[in-house]
Amino acid sequence: MKEKSVFHEIKNQISVCDLYTEIIRKILNKKGIEDETLTRAIDNIKNSLSLIADCASSLREVRLQELSLANLIAGAIEICKAYKDITFVDEIPAATVIRADKNKFTSALVNIIKNAIEAGATEVKIYPRGNDILIENNGEPIPAEIREKIFTDGFTTKENGSGLGLMLTKKSLEEQGFNLSLDAATDVTIFNISHR
Ligand SMILES: Nc1ncnc2c1ncn2[C@@H]1O[C@H](COP(=O)(O)OP(=O)(O)OP(=O)(O)O)[C@@H](O)[C@H]1O
Ligand SMILES: [Mg+2]
56 MKEKSVFHEI
66 KNQISVCDLY
76 TEIIRKILNK
86 KGIEDETLTR
96 AIDNIKNSLS
106 LIADCASSLR
116 EVRLQELSLA
126 NLIAGAIEIC
136 KAYKDITFVD
146 EIPAATVIRA
156 DKNKFTSALV
166 NIIKNAIEAG
176 ATEVKIYPRG
186 NDILIENNGE
196 PIPAEIREKI
206 FTDGFTTKEN
216 GSGLGLMLTK
226 KSLEEQGFNL
236 SLDAATDVTI
246 FNISHR
């Protein structure tokens, strides 16, 4: 119950901050001020706010509903394009429906795609294999000796990484009735979201 109220308070304050960044943007527009540094700063604040919102949603319980997988993927891609505008190939049939938590499933996709972008991927491809959802990227492959460790709490190879991303993503997907694994059949990085 306490977690639920913390979640709501964080969400409320995020909305307030979001509103103020829009107000600042409008005032700059109105005054005809074009400043690349300011624009980028506002974009970064908005990105950070959406990341905080993702974290906050882990505080509330899972809410499963029938959702269009294509819509979930489109939403995640939209968010990720703000990090870096790489190529996305989405081969999931438009009619695919899954039972998931909208925000938590979106966060899971964003986490996986963000890692791909951070690994230097220029293309992320999302496609079905049976009932599984595969997310493949052409970034720097994961070295064989760390493939076992990537889902471990705190494991990171990045200077500013927390090593929480995949651990939390896997846990969140499990709570929604999925498994998350790395496809073992190839060196190419392919994450597999399967039904439990
Ligand atoms: N798509 C990928 N390509 C290459 N390496 C990856 C990929 N995804 C994950 N990794 C490796 O797995 C490690 C753990 O990933 P994880 O997302 O858990 O933490 P992180 O990205 O390092 O930090 P953060 O907490 O900010 O997400 C990464 O540091 C990286 O070495
Ligand atoms: Mg990560």
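When you read off a place in the sequence shown, starting at 1, and then add 55, the result is the number in the working numbering. C-beta atoms are modelled at their ideal positions from N, C-alpha and C, and glycine is treated no differently. Owing to the predicted nature of the structure, the values given are computational and were not obtained by experimental measurement.
{"Query": "Any heavy atom of ligand 2 inside 7 Å of the beta-carbon of L221?", "Result": "yes"}
{"Query": "Reducing DSSP to helix, strand and coil, say where A149 ends up.", "Result": "coil"}
{"Query": "With 16 as the cutoff for other CB atoms within 10 Å, does K225 come out buried or exposed?", "Result": "buried"}
{"Query": "Among the candidates N247, I248, A174 and N234, whose CA atom is the shortest distance from the CA of I141?", "Result": "A174"}
{"Query": "Identify whether T92 lies in helix, strand or coil by the three-state DSSP scheme.", "Result": "helix"}
{"Query": "Going along the chain, which residues of its own chain have a beta-carbon closer than 8 Å to the beta-carbon of I147, five neighbours each way excluded?", "Result": "L124, A125, I128, I181, Y182, P183 and I188"}
{"Query": "Is N166 near ligand 1, in the sense that its beta carbon is under 7 Å from a heavy atom of that ligand?", "Result": "yes"}
{"Query": "Determine, using beta-carbon pairs with one atom in the region 206 to 221 and one in the region 151 to 164, whether at least three such pairs fall under 8 Å.", "Result": "no"}
{"Query": "In chain order, what are the residue ranges of uninterrupted beta strand (DSSP E) at least 3 long that sit wholly in the region 217 to 246?", "Result": "233 to 237"}
{"Query": "Which residue spans inside the region 133 to 195 form an unbroken beta strand (DSSP E) run of at least 3?", "Result": "142 to 145, 152 to 155, 178 to 184 and 187 to 192"}
{"Query": "Any heavy atom of ligand 2 closer than 7 Å to the CB of K57?", "Result": "no"}
{"Query": "My guess is that A171 and N192 are in contact by the Cβ rule of under 8 Å, so how many angstroms apart are they, rounded?", "Result": "4 Å"}
{"Query": "With a threshold of 8 Å on Cβ separation, who are the neighbours of K213 within its own chain once the five nearest residues in sequence on each side are excluded?", "Result": "E173"}
{"Query": "Any heavy atom of ligand 1 closer than 7 Å to the CB of G185?", "Result": "no"}
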